[in-house]
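Encoded as structure tokens, the structure appears first; notes follow it.
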Amino acid sequence: MADYKAPLQEIRFVMNEVFDAPSLWASMPRLADRVDPDTADAIVEEAGKVTTNVIAPLNREGDEQGCQWNNGEVTTPEGFREAYQTIVEGGWNGLGGNPDFGGMGMPKTLVVQFEEMLQASNMALGLAPMLTAGACLALDAHGSEALKEKYLPNLYSGVWSGSMDLTEPHCGTDLGIMRTRAEPQGDGSYRLTGTKIFITWGEHDMAENIVHFVLAKLPDAPKGPKGISLFLVPKFLVNDDGSLGERNEFSCGSLEKKMGIKGSATCVMNFDGAKGWLVGEENKGLAAMFTMMNYERLGVGIQGLAAAEASLQSAREYAFERTQSRAPTGARNPDKAADPLVVHPDVRRMLLTMKGYVEGGRAFSTYVGQWLDIAKFSDNDDDRKKAEGLVALLTPVAKAFLTDRGFDMCVVGQQVFGGHGYIREWGQEQLVRDARITQIYEGANGIQALDLMARKVVGSQGKLYELFAEDMAAFIEEEQANPALEPFLSPLAAALERLSDVTDQVLEQAKDDPDAPGAASADYTNLFGMTALAFMWAKIVVAAAPKAEGDSSGFYSGKLKTAQFYFQRMLPQAVALAESVRSGSGSMMKHADNEF
1 MADYKAPLQE IRFVMNEVFD APSLWASMPR LADRVDPDTA DAIVEEAGKV
51 TTNVIAPLNR EGDEQGCQWN NGEVTTPEGF REAYQTIVEG GWNGLGGNPD
101 FGGMGMPKTL VVQFEEMLQA SNMALGLAPM LTAGACLALD AHGSEALKEK
151 YLPNLYSGVW SGSMDLTEPH CGTDLGIMRT RAEPQGDGSY RLTGTKIFIT
201 WGEHDMAENI VHFVLAKLPD APKGPKGISL FLVPKFLVND DGSLGERNEF
251 SCGSLEKKMG IKGSATCVMN FDGAKGWLVG EENKGLAAMF TMMNYERLGV
301 GIQGLAAAEA SLQSAREYAF ERTQSRAPTG ARNPDKAADP LVVHPDVRRM
351 LLTMKGYVEG GRAFSTYVGQ WLDIAKFSDN DDDRKKAEGL VALLTPVAKA
401 FLTDRGFDMC VVGQQVFGGH GYIREWGQEQ LVRDARITQI YEGANGIQAL
451 DLMARKVVGS QGKLYELFAE DMAAFIEEEQ ANPALEPFLS PLAAALERLS
501 DVTDQVLEQA KDDPDAPGAA SADYTNLFGM TALAFMWAKI VVAAAPKAEG
551 DSSGFYSGKL KTAQFYFQRM LPQAVALAES VRSGSGSMMK HADNEF
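Numbering-wise (UniProt numbering), the sequence shown opens with residue 1 and increments by one.
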């Protein structure tokens, strides 16, 4: 198994050369004095060292040992506590956090690079800072000043960690039917009672305190999702001087026995009159929680990308080392018994497919990060409004498409290994098991696809989609005279036209058929993702082409050849997806119950 190595050259290329992030940061006064190219590069360099040398070596043992539950207490795998302390000491928990409360305030285009490295090195451990960062985001956006002052500094530092408590045994996506209750106490606090399941890092021994963000209903709450409130519920109550007080009235009832990410604690949490405080307004908890959820959804999309990167690294190394048969054109290594796997066309197909999704996906996550930065830091109202619309549109694509392809690429990597990919010692089967959850949690991918199609596209009557189409069309127009893009612009324009045409057809179908958005959603999301990655690969060509000629390293010239592979061998799949969407809901919905 290849040891994970942070792909620093790839990350710097995307951030600095494809998107020129430093120029974007310099253009926004609220970022210009906070981050410069040298600072960003130092952060990337140090992140590479920490994830490669400290976090990644624990991945295998974390999976082997798992977390242990004993009478409500959870013990993490060997080395996790020390590695978490390294994360804390480096300030990584607060990398993108509000500087007013101890965060570093770094832009998302930089933060997503660290997130990829962290999740690729050890997804189970990486979930802890990921959830804490999301919790901080919700508290910073919706909490009272008193709550922010009391909790954010220790959350950003990582001395305390955060957890998100939504799901209950009888409800997941349909949170409106939850049963957890919150009783007001007359002093500004509430008592929460109920059970939550699937709570990642709900209990552990790595931080001094764990701050839970819990969805619950007040006694007089309206029925359904409009009656949900969000509460901050710490494991240990916090005294006025900031010290920790008595243990709160809740506990971890058990750990889930699960398929993957075994190094993380997935908890059943029992709240028995636990003391908590309202975050945001009464009955507006979903809006507050979705601030956190939308962050997590991009983060989970990055987990899919990260798993694919780890799979590519392992499969690539194996393909060059493992000898098997001869090349179709004759022996490459006549002095040896066989040639390496990489000489075979089908092995190359698998490796290049992985490169197409990984490198295109990295560009796409950075593209979304760019719009998040504009939405947060721009002083131009029009730019900020456009960015907010694009983030809303692209978040479900990032979550669903990157995780679907991430899992697929772990399986493809496993196939490169052949039988050894099915054997524990090579690590590839762990990647397959770990990546599978990314398609399920933080809103299953079917829900993400429905959100994209029904809420974002149909719900806006295509207005949000037009923002993306306009950005892509502007790029095509701007690059008409670029000779490096001559082989790519025509198929790229055709891909945009295809996606726009299909979008218009679903909008028309939805007028008379309420099932149309749901029937189209999964294939439409994949069509959107394939088209978006074609856009990203065209951007990559623009950045790589000037340095490709005479490139002895193969880095830039390889980018042009991988772009060609994507456009010729991968993008054509979009044609079939478009035809599937155009067919409407008929063949899907006309079965009677007894015909399944």
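Just so it is clear, CB atoms sit at the ideal spot from N, CA and C, and this is done for glycine as well.
| task | Report the option in Ala510, Ser557, Ala544 and Gly558 whose CA atom is closest to the CA atom of Gly586. | result | On the sequence shown, position 586 is the one that residue 586 refers to. Considering only Ala510, Ser557, Ala544 and Gly558, the residue with the shortest C-alpha distance to Gly586 is Ala510.
| request: Kindly indicate the opening and closing residues of the beta strand (DSSP E) around Arg247. | output: In the sequence shown, the residue the question calls residue 247 occupies position 247. Start and end: Leu244 to Arg247.
| request: In the DSSP assignment, find the unbroken beta strand (DSSP E) run with Lys223 in it and report its ends. | output: In the sequence shown, counting from the first residue as 1, residue 223 sits at position 223. Secondary structure note for Lys223: it is in no beta strand (DSSP E), with a DSSP letter that is neither H nor E.
| request: Kindly list the residues whose CB is nearer than 6 Å to the CB of Ala40, restricted to its own chain and excluding five residues on each side of it in sequence; keep chain order. | output: Counting from 1 along the sequence shown, the entry for residue 40 is found at position 40. Closer than 6 Å at Cβ, skipping near neighbours: Leu110.
| query | So, are the CB atoms of Leu358 and Ala319 less than 7 Å apart? | reply | Translated into positions along the sequence shown, residue 358 becomes position 358. Translated into positions along the sequence shown, residue 319 becomes position 319. Note on identity: in this sequence residue 358 is Val, with Leu being the wrong assignment. Ala319 is positioned such that its CB atom lies no closer than 7 Å to that of Val358.
| task | Return the chain-ordered ranges of every beta strand (DSSP E) run that is complete within the segment 11-96 and spans a minimum of 3 residues. | result | Fully enclosed beta strand (DSSP E) runs of 3 or longer: 68-70 and 73-75.
| field | Same chain, Cβ closer than 8 Å to Phe236, neighbours up to 5 away in sequence not counted | value | Along the sequence shown, read from residue 1 onward, the residue named residue 236 stands at position 236. Spatial neighbours of Phe236 in its own chain (CB-CB distance under 8 Å, excluding positions within 5 residues in sequence) are listed in chain order as Glu208, Asn209, Leu244, Gly245, Glu246, Arg247 and Asn248.
| message | Looking only at its chain, what residues have a beta carbon closer than 6 Å to the beta carbon of Arg405, apart from the 5 residues adjacent to it on each side? | response | For the purposes of this step, residue 405 is identified with residue 405 of the sequence shown, where counting begins at 1. Taken in chain order, the residues that qualify are Tyr357.
| task | Let me know the secondary structure DSSP gives Tyr441 once reduced to three states. | result | The count along the sequence shown starts at 1 and reaches residue 441 at position 441. The answer is coil: DSSP assigns Tyr441 none of H, G, I, E or B.
| task | Give the range of the alpha helix (DSSP H) segment to which Trp371 is assigned. | result | On the sequence shown, position 371 is the one that residue 371 refers to. Run containing Trp371: Pro345 to Phe377, per the alpha helix (DSSP H) assignment.
| task | Determine which residues share a DSSP beta bridge with His212 and list them. | result | Locating residue 212 in the sequence shown gives position 212, where the first residue counts as 1. Paired residues: Ser163 and Val233.
| Residue range of the beta strand (DSSP E) that includes Arg181 | Position 181 of the sequence shown holds residue 181. Arg181 to Pro184 is the extent of the beta strand (DSSP E) around Arg181.
| field | Residue from Thr531, Tyr566, Tyr524 and Ala124 whose Cα sits closest to the Cα of Met354 | value | For the purposes of this step, residue 354 is identified with residue 354 of the sequence shown, where counting begins at 1. The option with the nearest alpha carbon to Met354 is Tyr566.
| Three CB pairs or more closer than 8 Å across the segment 521-541 and the segment 401-416 | Yes, the segment 521-541 is in contact with the segment 401-416.
| request: Output the boundary residues of the alpha helix (DSSP H) element that contains Thr531. | output: In the sequence shown, counting from the first residue as 1, residue 531 sits at position 531. Start and end: Ala516 to Ala548.
| query | DSSP on Arg332, reduced to helix/strand/coil? | reply | Residue numbering aside, residue 332 sits at position 332 when the sequence shown is read from its first letter. Here Arg332 sits in coil by DSSP.
| query | Thinking just about the alpha-carbon of each residue, which of Leu8, Gly143 and Gly91 is nearest to the one in Glu45? | reply | Within the sequence shown, the letter at position 45 stands for residue 45. Ranking Leu8, Gly143 and Gly91 by Cα distance to Glu45 puts Leu8 first.
| request: Out of Ser378, Gly421 and Phe364, point me to the one whose CA is closest to Leu394's CA. | output: As a working note, residue 394 is residue 394 in the sequence shown. Measuring from the Cα of Leu394, the nearest candidate turns out to be Phe364.
| said: Is the beta carbon of Ala216 closer than 7 Å to that of Asn283? | reply: By one-based count along the sequence shown, residue 283 stands at place 283. By one-based count along the sequence shown, residue 216 stands at place 216. No, the Cβ-Cβ distance between Asn283 and Ala216 is not below 7 Å.
| Residues bridged to Asp272 (per DSSP) | On the sequence shown, position 272 is the one that residue 272 refers to. BP columns for Asp272 point to Thr193.
| field | For Glu553: DSSP bridge partner residues | value | Taking the sequence shown and counting its residues from 1, the one referred to as residue 553 is at position 553. Reading off the sequence shown, one finds Ser at residue 553, where the question assumed Glu. None, per the DSSP bridge assignment.
| field | alpha helix (DSSP H) segment containing Gly126, residue limits | value | For the purposes of this step, residue 126 is taken as the residue at position 126 of the sequence shown. Counting along the chain, the alpha helix (DSSP H) containing Gly126 begins and ends at Met123 to His142.
| field | Distance, Cys267 Cα to Met206 Cα | value | The count along the sequence shown starts at 1 and reaches residue 206 at position 206. The count along the sequence shown starts at 1 and reaches residue 267 at position 267. Near 15 Å, if we compare the C-alpha coordinates of Cys267 and Met206.
| field | Through-space distance from Phe377 to Pro31, alpha-carbon basis | value | Along the sequence shown, read from residue 1 onward, the residue named residue 31 stands at position 31. Along the sequence shown, read from residue 1 onward, the residue named residue 377 stands at position 377. Note that residue 31 is Leu in the sequence shown, not Pro. In a straight line, the C-alpha of Leu31 is about 7 Å away from that of Phe377.
| query | Do you know offhand how far Arg455's Cα is from Leu577's? | reply | Against the sequence shown, residue 455 aligns to sequence position 455. Against the sequence shown, residue 577 aligns to sequence position 577. Cα to Cα, the separation comes out at about 20 Å.
| said: I'd like to check one pair, Glu115 with Ile302: are the Cβ atoms closer than 7 Å? | reply: To locate residue 302, count along the sequence shown from 1; it is residue 302. To locate residue 115, count along the sequence shown from 1; it is residue 115. In this structure, Ile302 places its C-beta atom within 7 Å of the C-beta atom of Glu115.
| task | Give the secondary structure of Pro340 by DSSP, where H, G and I count as helix, E and B as strand, and everything else as coil. | result | Within the sequence shown, residue 340 is the residue found at index 340, counting from 1. The three-state secondary structure of Pro340, taken from DSSP, is strand.
| query | Does the beta-carbon distance from Gly260 to Arg436 come in below 7 Å? | reply | Numbered from 1 along the sequence shown, position 260 holds the residue referred to as residue 260. Numbered from 1 along the sequence shown, position 436 holds the residue referred to as residue 436. For Gly260 and Arg436, yes; Cβs fall inside 7 Å.
| Taking just the CA atoms, how far does Gly529 sit from Met164? | Walking along the sequence shown from the start, residue 164 turns up at place 164. Walking along the sequence shown from the start, residue 529 turns up at place 529. Near 28 Å, if we compare the C-alpha coordinates of Gly529 and Met164.
| said: According to DSSP, simplified to helix, strand and coil, what is Leu255? | reply: Locating residue 255 in the sequence shown gives position 255, counting from the first residue. The three-state secondary structure of Leu255, taken from DSSP, is strand.
| field | For Met350 and Asp412, the rounded distance between their alpha carbons | value | Here residue 412 refers to the residue found at position 412 when the sequence shown is read from its first residue. Here residue 350 refers to the residue found at position 350 when the sequence shown is read from its first residue. Per the sequence shown, residue 412 should be read as Val rather than Asp. Cα to Cα, Val412 sits roughly 6 Å from Met350.
| said: Here's the rule: buried if 16 or more other CB atoms are within 10 angstroms of the residue's CB, otherwise exposed. What is Ser23? | reply: As a first step, residue 23 is located in the sequence shown; it is residue number 23 there, counting from the start. The residue in question, Ser23, is exposed, as its Cβ has fewer than 16 Cβ neighbours within 10 Å.
| query | In three-state DSSP terms, what is Trp201? | reply | Taking the first residue of the sequence shown as position 1, residue 201 is located at position 201. Trp201: coil per DSSP, three-state reduction.
| task | Provide the residue span of the alpha helix (DSSP H) that contains Glu477, from first to last. | result | Against the sequence shown, residue 477 aligns to sequence position 477. Run containing Glu477: Lys463 to Glu478, per the alpha helix (DSSP H) assignment.
| Rounded straight-line distance, which links the Cα of Val542 to that of Pro483 | On the sequence shown, residue 483 is found 483 positions in, with the first residue counted as 1. On the sequence shown, residue 542 is found 542 positions in, with the first residue counted as 1. For Pro483 and Val542, the distance between alpha carbons rounds to 10 Å.
| query | Is Asp38 buried or exposed, if buried means 16 or more other CB atoms sit within 10 Å of its CB? | reply | The residue labelled residue 38 in the question sits at position 38 within the sequence shown. Per the 10 Å Cβ criterion, exposed.
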